[in-house]
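Asker:
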Amino acid sequence: MKTNVFKRLYLERGVTLIEVLIVVTILALISGIAMVTLFPRLKEGQIKTTKTSAFAIRQAALQWRAEHPEECPTPQRLVQDKVLDSASKITDAWDMPYKIICEDEEIIVVSFGTDKKEGTADDIRIPTAVPAKQ
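Note that our numbering has the sequence shown beginning at 164, numbered continuously upward.
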């Protein structure tokens, strides 16, 4: 009879602190591996989204510039003049506004990239064939 009481207490004892710590450690390792694997994909997605939005802004700026050849638009002006849809994203993936540069007949849309500074290597320029002026 005494043996049954101890056996029952042993079976109903619950979870120890060591067991909880082991489970938490395993979960932390799994989430760390997932972050290392997925983080580069996040950056790639941000860059692709920014390039797509910059291309759409450039197309709208080309259309706007055909009617206003003496001025260079801003993304806000393109939305205001209804050349860009008001639902269009006029900030890049890092919540910085795009910069539109009008040089002669060329229109360049620039995102300052992850560091949010103009003129650095991570800047995204559309079209990409036009080099940055120093």
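All residues carry an ideal CB built from backbone N, CA and C; glycine is no exception.
Taking V272 as part of the beta strand (DSSP E), name the residues at either end of that continuous run.
Answerer: By one-based count along the sequence shown, residue 272 stands at place 109. Segment 269-274, the beta strand (DSSP E) holding V272.
Asker: For R288, which of helix, strand or coil comes out of DSSP?
Answerer: Mapped onto the sequence shown, residue 288 falls at position 125. If DSSP states are grouped into helix, strand and coil, R288 belongs with the strands.
Asker: Decide if the segment 195-205 is in contact with the segment 235-246; the criterion is three or more beta carbon pairs, one per stretch, under 8 angstroms apart.
Answerer: Touching, no, given that fewer than three Cβ pairs across the two stretches are closer than 8 angstroms.
Asker: Compare the C-alpha of T277 against each of I271, P260, T291, P290 and name the closest.
Answerer: Numbered from 1 along the sequence shown, position 114 holds the residue referred to as residue 277. It is P260.
Asker: Below 8 angstroms on the Cβ atoms is my contact criterion, and I expect R228 with I289 to pass it. Report the Cβ-Cβ distance as a whole number of Å.
Answerer: Reading the sequence shown from its first residue, position 65 is the one you call residue 228. Reading the sequence shown from its first residue, position 126 is the one you call residue 289. No, R228 and I289 are not in contact; Cβ-Cβ is about 15 angstroms, not under 8 angstroms.
Asker: Roughly how many angstroms lie between the CA atoms of I270 and P203, to the nearest whole one?
Answerer: Within the sequence shown, residue 270 is the residue found at index 107, counting from 1. Within the sequence shown, residue 203 is the residue found at index 40, counting from 1. About 30 angstroms.
Asker: In the DSSP assignment, what residue or residues form a beta bridge with E266?
Answerer: Working through the sequence shown from its first residue, we reach residue 266 at position 103. The partner list for E266 (beta bridge, DSSP) reads E269.
Asker: How would you call F218, buried or exposed, if buried means at least 16 neighbouring beta carbons within 10 angstroms?
Answerer: Position 55 of the sequence shown holds residue 218. By the neighbour-count rule (16 or more Cβ atoms within 10 Å), F218 is not buried but exposed.
Asker: Using 7 angstroms as the threshold, is the C-beta distance between D267 and F275 below it?
Answerer: Here residue 267 corresponds to residue number 104 of the sequence shown, with the count starting at 1. Here residue 275 corresponds to residue number 112 of the sequence shown, with the count starting at 1. For D267 and F275, no; Cβs fall outside 7 angstroms.
Asker: With distance defined between alpha-carbon atoms, name the residue in A250, K279, D244 nearest to E258.
Answerer: Mapped onto the sequence shown, residue 258 falls at position 95. Going by the sequence as given, residue 258 is Asp instead of Glu. Closest option to D258, Cα to Cα, is K279.
Asker: What is the C-beta distance between C235 and I253, in whole angstroms, given that I count them as a contact (C-beta under 8 angstroms)?
Answerer: Sequence index remark: in the sequence shown, residue 235 carries index 72 (1-based). Sequence index remark: in the sequence shown, residue 253 carries index 90 (1-based). About 15 angstroms; that fails the 8 angstroms criterion.
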